[in-house]
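Engineer:
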Amino acid sequence: MGFRKPLDFNAVYHQLYMTGVEIMSEKNDGYTQWELKRDLYQIQSLIDTIIQNSPVFVGEEEYLKERQQRKLVRILEQ
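Start counting the sequence shown at 21; every next residue gets the next number (our numbering).
1) Name the two residues that bound the continuous alpha helix (DSSP H) containing G50.
2) Would you mind stating whether T39 and L66 have Cβ atoms separated by less than 8 Å?
3) Would the beta-carbon of Q53 fall within 8 Å of that of I63?
4) Taking L56 as the reference, give the member of Q35, F29 and L27 with the closest Cα.
Take a look at the structure:
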């Protein structure tokens, strides 16, 4: 079986980013913003479930530790 990556990261990232832009836009009413945010909660739930049910891979713990450190640095820089 060859390598298969069914996720177009750039397209998904862009759609999620633009959803965040629309949520924060003052041009949208609260109803629209809530619908968009609810979609994000549903996506987050699916992603959390997939990650929880997947195996741990070599290098994953280091990646998560580095990611957490970068997040803390960004928070401290604010």
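We put the CB at the ideal spot given by N, CA and C, even for glycine.
Structural biologist: In terms of the structure at hand:
1) G50 to N73
2) no
3) no
4) Q35
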